[in-house]
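**Q** Before anything else, here's the structure in question.
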Amino acid sequence: MDQSENHTKETNESSIQLRQLETSSARVQRSDVVESWSGVDNLQAQEQMTRTEYIQMLRDLQLDFVISMLAEDDRLEADWLNSNAEVWEEVTEVFNENGFITSTGGRITPHLNSTDTFSIVHGLEGDALFLELKYVTSDANYRLGDETKPSFYDIKLKFDLNNPDKFQGNVDITFESLTNMVETFEINGENIQINENGIKIMGKGEQIDYFKRFTFNDTYQKFIISTNSPLLVKKEYVLQIQYQGQITDDLLGVYKSTYKEGNDTKILIATHFGQFARRLMPCWDEPRFKAQFQFTIERGMNFKAFSNAAKLRSDENTDYFKATSPISTYILALVISEMKLSENIEKKFAVLARPDAINQTAYALTIGPELIKAFDEWTEMEYFSFSNVEKMELGAIPDFIAGAMENWGFILHQELYSLYDENHANTAQKQLIPTVISHELAHMWFGDLVTCDWFDETYLNEGFARYFQFIGLDRVEKFDGLMQFVVTSTQRAMQADATLNSYPLSNKDSLSLPQIRKMFGPISYDKGGSILRMAHQLMRDQKFTAAIRSYLKKRQFKTAVTEDLLTELENHHPAITEILGPYIHQAGYPIVSVSREGDILTLDQTRFLLNTNQHNDTSRWTIPITIATQFEDFEIPTSNLILFKAYSESPFKINISEIKSSYYVMNIQEIGFYRVNYDMANWKAIELKLKSTVFEELHVLNRAQIVDDLLNLARSGYVTYDFAFNIIRYIKRETHYLPWLSFFNGISYLRQRIVDTPLKTQFDSFMNELMADVTDFIGFEESGDEFLRLNRIQILDWACTYGNQKDCVEKALEHFDKVIQGENIYSDLKPAVYCTGLRETQGNWEKMWNRYIESNYATEQEMILKALGCSRNATEINLFLDKTLTNEIRLQYKPNAYISAVSGNLENVDVVLDYLIKNTIQWGEIMDVVWTFGDLSARFTNEEQFLKLEKHVNTLQDEWKIPLLEIMKENRKLMEWDQARLPELNKFFNAAVKSTKKLTHRYLIDVFVTYLNTFDELSSQRPFCLKSCHRLVYHDVSPEQQALKADEGLVVFPSQGLLGSLLSSEPVEIFQLLSNCPVQPECSFTFVFHPKLLNICQKCGSICETFSSDILPMISDSSFAKLTLDVSSTVRGCFGAMSSPFESSPNVRKPKWDKSNRDAWNSLQTWGAIESSVGIDSSAMQGGTRSTPSGKNF
């Protein structure tokens, strides 16, 4: 598991002011401006120039964004007409002041800002991964006009793989005019060379050529084509273009790659489009322009071509394909190679792979058809029943910039996400392969069949695919993917959506290519999927399924907008739009603050921001509040559902008079997209529940939610870290994968901030303490269900990192010795073993590097690549970075190598900084310098690091310097956070090592609640024991005992309060009594308990480790025990039945016992002595009315 965290940066002022100058319309086109500008007639009268001349004047100034503004807001017209120069000067000044410059010719070119730095991002989001961005002003002119629409492309391509730098193309595009008198229209193109004589426009069935001329706009990547006479509406024409295209090596558009077959190097041609189909051919390169495509590929004798549709026929040099269904350009695909195809029996599903890897295709070949069947059944729309669909192929491509891409009928993957061998892939990787395949197959319905109209609503593609990948997968593989979704997607989305840099799911500002590419990230994928999950849970399965099926049927082979989806959902659930609307059209999400007074809950909402709880954002949401107070509530996600409406009075009141429980938990199974912050009393009640032996009565997703919420509430300042850690400390008894995953995700930021502070030693010890039991529990043996195996991977990785010598490091090094000797070990151990071995030994880095180079398995290579950065040797880290700049690490994995180097050990930051300063120019030839230094500076924890980088940045070219200085300015604020918040950790760690006489209320409750829940366990297993324990408790807390004064250091519980707690299984009364105790928290408490209770519970067969190790050795007399509890001792609860603490129990870590401990235990085994000492008749245990020693009846 990668323990680093990439921090999302705050939006800076320049990007905010830039947006204020940009048009808000997603549909304003150059032609629209000319045709619809309402003030043009007055303009002509005042300026005595034609409309064409005026627009040309603006274009000469390269003020296309001003044209768009004028089209949107006529109020700007007068200002512009009166003072062209003044407006230009003012705009230029604003841009210069905010990090932008005007380049030659007056074109405004924005520098990189914090929102545009991630030109290389590693993930599964197909179109999120781009190696090159053109940073340009957002402008509606990136969009094509609505004057024309294509319907059919006949494409003939010729490739010479002996000279794989260029290809020849000939495309005939059937299109129609949608309006009368069209004389100019636009199509997209990039890296395309067209001769003047290479274009014709022929009327269908005519011999007339309507083509006049064309120009090319490089900024907007458009061919502007003029006709010699107007095109007629609804009439079909054929645009014929002969051209030459470029084959690049940047993994975008049409690109070349190589792979090994034995000792031979083989070449292949592949494609990845996104917004780059325009590199394959001139085309209408927007999702809304769906058409059919038919390819003819001339490719050489030894090669074969593969594309979206089935082959019509092949000859020696050429493959002829059938026409596709009506699809968008961005899901076209083409591969030309000598790779092999592995087919299933029906020959409808196949996997394309290197010959040396063809034996790794069996898993995908099995799981793929099953997933298609699952989606067929859910949607009631069979994939193979769609027009022109005859096959589905997966291509495992050695070099592929995206994790995978949902091309219609021909999905392309990285090998990492499609090829599997059980001896060379761990459980997480095995699960990821069908998850990615499921995601891409879900796209056949959500994204390909029904496509977002424009990328400003990418969630209509990616949000659906993210959510439905688990719906499909859970029908085929028992991974409980929908449970994992909450932590891997919903909580991930909450991280990304908690900054000012976030954006709405429906983001009408997404016009330019950089803005489009930003849409392919956690907001569209994970927040989009989370909103759909919320709708699914609220509508229930039947209504949600019916609505989505209707949506698909009505929009098939068309595009869709948010309103299309909401209409169908609303037809089946009238209130759903009120809930979903604010989540779709606003950035961010709410935090619900809740307090209880009597039977009334008071709720308030505000936007949650990760780095502050002080802001003026007034956004509001309609929030589905669900409340659980007992075990049964957690099984129904919509239990006690109430809508906290956006327009409700604030604060919002809920009557909970029927709730008798001491605690309540909101947002059951985290179906709602919001966080919750409770008042102190309820947080404490939740803490007691979590630290009891029945903590698993809280649903595992809510345990993960509580962990995630607390760590993020602490980071943003809603609670302190010491408060959060006191509650989260329960996790030391947790064994489930998901709460631990939430914990590691949340703690990663804190881990990074304390790397060179005095707190690090204490923090490391704390982490070791938390993981000690679970590390021992999961072990190094191959065993357990899917969740335990996943947990083994992450726990061992973290435990070894924090130096758990006995249970992790020593065992990992034993396995590493086997690896160095050439053995292949159990794959779930490899991440921890590889990393620990390279961190703790010397001289083995080169051996592991050679293992990486020689491996035939992408999954094995990934594990090694992540481990290579674990070395503490600066020379080896420098060598790793050197190799990152070579072809030995494939282009798509270079960012992973950098992340490994900088995060394998937190101390590596300084090593990487020095390397990058010395090698900036070389690094910039391969990687994005701004992204790299921006990420690195977010990891800085001292001013010296900033000063060193700042000195270097000031020597760089403006293209890098200006945005980097701005990013570093923002990242310096992290040190202000350190100074304000890290002292809270010091407070927590100091409290944890107080002397045994310094006992807090909280800790006393911890201990007592453990005992109460022991009784709960007994009540379900042995009714006699419960009865007996209760009777003795009455004696322990009789009114006579209340004569013991609190100022003597004793805490005494009234019998009725304690009895009520026992009978209701709720400890709230105990908590309230302790909280009101006159003795101050820092004073010593002595807890009075009756030894007979211990003996009876022991004979019933359930003894807490805490009883045995922390309390029994301190008993000093035979009647009552004054037990002073050590605050540093661990309340582990009852892990299992023990007849005595000396007997073996596989689930309990054994306390250390000496002879005095053993004697104390044995002294309690004599029933007669204990009975006589308290004067209790044995008949009192047989039922009926019984008495206290004073004779009072209860």
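Residue numbers (the UniProt record's numbering): 1 to 1194.
Cβ atoms here follow ideal geometry from the backbone N, Cα and C, with glycine treated the same way.
All values derive from a computational prediction rather than experimental measurement.
#1: Considering only the alpha carbon of each residue, which of L280, D356, L157 lies closest to G300?
#2: Check the Cβ-Cβ distances between A309 and every residue of chain D, and say whether any is below 7 Å.
#3: Who are K200's beta bridge partners in DSSP?
#4: At the level of alpha carbons, what is the spacing between E376 and R475?
#5: Assuming contact is defined by CB atoms lying nearer than 7 Å, are residue 1217 and T248 in contact in what I supplied?
#6: Spatial neighbours of D172 within its chain, please: C-beta separation below 6 Å, excluding the five flanking residues on both sides.
#7: Nearest by alpha-carbon distance to F295: which of A333, D285, F303 is it?
#8: Determine, using beta-carbon pairs with one atom in the segment 571-585 and one in the segment 489-497, whether at least three such pairs fall under 8 Å.
#9: So does the segment 668-677 actually touch the segment 616-632, counting three or more Cβ pairs closer than 8 Å?
#10: Where do the N-terminal and C-terminal ends of the beta strand (DSSP E) with P230 fall, by residue?
#11: Which first and last residues belong to the beta strand (DSSP E) in which S661 is found?
#12: When DSSP builds the beta bridges, which residues end up paired with L334?
#13: Pick from L365, T941, F464: whose alpha carbon is nearest that of L913?
#14: For V953, is the classification buried or exposed, using 16 other Cβ atoms within 10 angstroms of its Cβ as the cut-off for buried?
#15: Between F485, R792, F787, which has its C-alpha nearest D773's C-alpha?
#16: Less than 8 Å between the CB atoms is what I'm expecting for F644 and F989, so what's the real figure, rounded?
#17: Looking at the strands, I want to know which residues DSSP matches up with S257.
#18: Among all the DSSP beta bridges, which residues are the ones paired with D453?
#19: Secondary structure at Y503, three-state DSSP: helix, strand or coil?
#20: Assuming Q752 and L964 are in contact, meaning their beta carbons sit under 8 Å apart, how far apart are those beta carbons, in whole angstroms?
#21: Would you kindly work out how many angstroms separate the C-alpha atoms of E966 and N768, rounded to a whole number?
#22: Could you pull the start and end residues of the beta strand (DSSP E) that L157 belongs to?
#23: Take P150 as the anchor and find which of F276, L231, F289 has the nearest alpha-carbon.
#24: Assign F468 to buried or exposed, taking buried as 16 or more other Cβ atoms, counted over all protein chains shown, within 10 Å of its Cβ.
#25: Am I right that Y858 and F880 are in contact with their C-beta atoms under 8 Å? What's the rounded C-beta distance?
#26: Is it buried or exposed, V233, if we count other Cβ atoms within 10 angstroms and call 16 or more buried?
#27: Which same chain residues, not among the five before or five after residue 1213, have their C-beta less than 6 Å away from its C-beta?
#28: In the DSSP assignment, find the unbroken beta strand (DSSP E) run with T761 in it and report its ends.
#29: Terminal residues of the continuous beta strand (DSSP E) containing T318?
#30: Have a look at F787 and F777 and give me their C-alpha separation to the nearest angstrom.
#31: Quick check on DSSP: helix, strand or coil for K348?
#32: So, L473 versus G481, is the Cβ gap smaller than 7 Å?
#33: When DSSP labels each residue in this structure, what does R213 get in the three-state scheme?
#34: In whole angstroms, give me the CA-to-CA distance for Q705 and P739.
#35: Give every residue of the same chain whose Cβ lies closer than 6 Å to the Cβ of Q892, excluding the five residues on either side of it in the sequence, and list them in chain order.
#36: At which residues does the beta strand (DSSP E) containing M392 begin and terminate?
**A** Once the coordinates are examined:
#1: L157
#2: The structure shown contains no chain D; it is built from a single protein chain.
#3: Q240
#4: Looking at the sequence provided, one finds Asp at residue 376 rather than Glu. Their Cα atoms are separated by approximately 12 Å.
#5: Here the chain has residues from 1 to 1194 only, and residue 1217 is not among them.
#6: D154, V238, Q240
#7: A333
#8: no
#9: yes
#10: 222-231
#11: That residue, S661, is in no beta strand (DSSP E); it is neither H nor E in DSSP.
#12: S307
#13: T941
#14: buried
#15: R792
#16: That pair is no contact at about 38 Å.
#17: L268
#18: The partner list for D453 (beta bridge, DSSP) is empty, contrary to what the question assumes.
#19: coil
#20: That pair is no contact at about 20 Å.
#21: 38 Å
#22: 148-159
#23: F289
#24: buried
#25: Sequence check: residue 858 is Ala here, not Tyr. Actually they are not in contact, since the Cβ atoms of A858 and F880 sit about 19 Å apart, beyond 8 Å.
#26: exposed
#27: The question about residue 1213 has no answer here: the residues shown for the chain are numbered 1 through 1194.
#28: Note, T761: premise wrong, no beta strand (DSSP E); alpha helix (DSSP H) at 760-778.
#29: 318-321
#30: 13 Å
#31: coil
#32: yes
#33: strand
#34: 8 Å
#35: I401
#36: 392-397
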